Amino acid sequence: MTQRGHLICEELKRNRVEYIAWVPDSETHFMHDSMLNDPWLRVIQVCAEGEAIAICAGMHLGGKRGVVLIENQGAFDSGNVLKWAVGLHFPLVFLIGYLGYRNLGNTAAGKTKRGEREITEPFLEALGIPYELVNSDQDVGKISEAFSRAECDSKPVALLLTRADDFVPGG
Amino acid sequence: MMSRFESLKVISEMRTDEIVVATMSAMKDWSELSSSPLDFYVAGAMGYASSVALGLSLAQTSRKVIVLDGDGSLLMNLGTLVTIAAVQPPNLVHFVLENQLYEVPGGIPLPGVGKYNLAAFARAAGVSKVYEFDQFTDFREHVGRLLREPGPTFASLRVNRGPSGPLPTIRYVEVARNLEKALK
Chain H
84 MTQRGHLICE
94 ELKRNRVEYI
104 AWVPDSETHF
114 MHDSMLNDPW
124 LRVIQVCAEG
134 EAIAICAGMH
144 LGGKRGVVLI
154 ENQGAFDSGN
164 VLKWAVGLHF
174 PLVFLIGYLG
184 YRNLGNTAAG
194 KTKRGEREIT
204 EPFLEALGIP
214 YELVNSDQDV
224 GKISEAFSRA
234 ECDSKPVALL
244 LTRADDFVPG
254 G
Chain F
23 MMSRFESLKV
33 ISEMRTDEIV
43 VATMSAMKDW
53 SELSSSPLDF
63 YVAGAMGYAS
73 SVALGLSLAQ
83 TSRKVIVLDG
93 DGSLLMNLGT
103 LVTIAAVQPP
113 NLVHFVLENQ
123 LYEVPGGIPL
133 PGVGKYNLAA
143 FARAAGVSKV
153 YEFDQFTDFR
163 EHVGRLLREP
173 GPTFASLRVN
183 RGPSGPLPTI
193 RYVEVARNLE
203 KALK
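Sequence order for the protein chains is H and F. Quick note: the first sequence uses our numbering, first residue 84, plus one each step. Quick note: the second sequence uses our numbering, first residue 23, plus one each step.
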């Protein structure tokens, strides 16, 4: 269990989050133990990322607060439902594992080899979803800011989570 | 085969305080049958009506949530059946109107028609209460019990093709805010 995973779960609870709709990913592996062992947070593991977004929208309609926890590649796969959530002004907060963030500069041209970083931020910008980077324990306070911004602007806000443990996918 | 309008009319007559989430072709008929603040319409996120309804069912545990899904829509998000079976919301009733078509863009047949069975998918996913109806009298006789019993419940309704064409004009943002207010 990492300190950042614990801090994020505490911050979510401070913001009245009861549910996490989740597809596991390697970037936010550091979150898994903390959230699954937290007696207050209820984790709904889904089969595909679009489901997580739609479930949290339904929770919002019903008066409960859930957050989406997915990887950026899953967000790419969910473009249509993201567009829908923006269009209906759902004040949702998305926690998005930022696959590829640390790969920046791996090529002579200074670009990621895998492309996720080149695409992630422009993808969110194209959908009109504001975002912030959560890259250190000190950044965890951005979660509360994201909820305030989502409510104030009546639109989803994304937090891009970089990895906080040395997990090796498949290891 | 059943008439979609008549099948939905029976549901609307038996409805009391349930939330209804309709999508795609079902929206055409439901928007004629009901003007309740407890209605919600999913357009533009095809496939996700049952996921929205699952979120509603978790947030509103003392109310039933009825989904009026389509077969083309469900095929876009089959994993929802596994998720619903895993969560086991007792207040979720998932109707799938099977006309074997993408009706809105002109009545284009779905892929694989006649080779798959959505009710069998639901059973295999772990949904314990699964029903199939292709006769209106049978549906009318059983739908009341189906709406009252603890779920999650899945029901396939074999319905005739309705008129092709665009979805009805609905103020989706207003509908969403009305539902939020009604559930506060």
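Glycine included, C-beta positions come from ideal geometry on N, C-alpha and C. This structure is a prediction, so every number in the text was calculated from the model and none was measured.
Beta-carbon proximity of residue i to residue j, cut-off 8 Å
i              : j              : result
residue 180(H) : residue 205(F) : no
residue 104(F) : residue 148(F) : yes
residue 150(H) : residue 129(H) : no
residue 167(H) : residue 101(F) : no
residue 59(F)  : residue 106(F) : no
residue 192(F) : residue 49(F)  : yes
residue 225(H) : residue 215(H) : yes
residue 169(F) : residue 115(F) : yes
residue 79(F)  : residue 91(F)  : no
residue 218(H) : residue 182(H) : no
residue 132(H) : residue 245(H) : no
residue 118(F) : residue 96(F)  : yes
residue 229(H) : residue 210(H) : no
residue 68(F)  : residue 179(F) : no
residue 138(H) : residue 153(H) : no
Within chain H, the residues that residue i reaches when beta carbons sit closer than 8 Å
i              : result
residue 62(F)  : 144
residue 118(F) : Those within 8 Å of residue 118(F) in chain H number zero; the least Cβ separation is about 16 Å.
residue 202(F) : 143, 144 and 146
Per DSSP, the bridge partner or partners of residue i
i              : result
residue 104(H) : 127(H) and 151(H)
residue 154(F) : 178(F)
residue 92(F)  : 119(F)
residue 241(H) : 177(H) and 214(H)
residue 45(F)  : 64(F)
residue 124(F) : 130(F)
residue 87(F)  : 41(F) and 114(F)
residue 24(F)  : 181(F)
Residue of the options minimising C-alpha distance to residue i
i              : options                           : result
residue 77(F)  : 94(F), 56(F), 144(F) and 42(F)    : 42(F)
residue 10(F)  : 166(F), 167(F), 139(F) and 146(F) : Here chain F has residues from 23 to 206 only, and residue 10(F) is not among them.
residue 122(F) : 47(F), 83(F) and 30(F)            : 47(F)
residue 102(H) : 90(H), 84(H), 142(H) and 117(H)   : 142(H)
residue 92(H)  : 112(H), 110(H) and 117(H)         : 117(H)
residue 109(F) : 142(F), 150(F), 180(F) and 178(F) : 150(F)
residue 31(F)  : 51(F), 202(F) and 111(F)          : 51(F)
residue 148(H) : 82(F), 87(F) and 89(F)            : 82(F)
residue 169(H) : 97(H), 248(H) and 237(H)          : 237(H)
residue 202(H) : 121(H), 162(H), 136(H) and 174(H) : 162(H)
residue 202(F) : 157(H), 249(H) and 172(H)         : 172(H)
Contact list for residue i against chain F, beta-carbon separation under 9 Å
i              : result
residue 163(H) : 66, 67, 68, 69 and 70
Chain F contact residues for residue i, given Cβ-Cβ distances below 7 Å
i              : result
residue 167(H) : 66 and 67
residue 181(H) : Chain F residues near residue 181(H): none, gap ~24 Å exceeds 7 Å.
Listed by chain order, chain H residues near residue i by CB distance under 9 Å
i              : result
residue 124(F) : Within 9 Å Cβ-Cβ: nothing; residue 124(F) doesn't reach chain H, min ~15 Å.
residue 99(F)  : 130, 131, 133, 134 and 137
residue 77(F)  : 102, 104, 127, 137, 138, 139, 140, 141, 142, 143, 144, 145, 147 and 149
residue 115(F) : Simply none; closest approach about 15 Å.
Amino acids of chain H, ordered along the chain, whose beta-carbon sits closer than 7 Å to that of residue i
i              : result
residue 194(F) : 171
residue 102(F) : 134
residue 105(F) : 129, 130 and 134
For this session: Jot down the residue ranges of each uninterrupted beta strand (DSSP E) in the stretch 137-216 of chain H, minimum 3 residues, whole runs only, in chain order.
Result: Qualifying beta strand (DSSP E) stretches, in chain order: 149-154 and 176-180.
TODO: Go through the stretch 168-197 of chain F residue by residue and report every complete run of the beta strand (DSSP E) that reaches 3 residues or more, in order.
DONE: Taken in chain order, the complete beta strand (DSSP E) segments of 3 residues or longer contained in the stretch 168-197 of chain F are 175-180.
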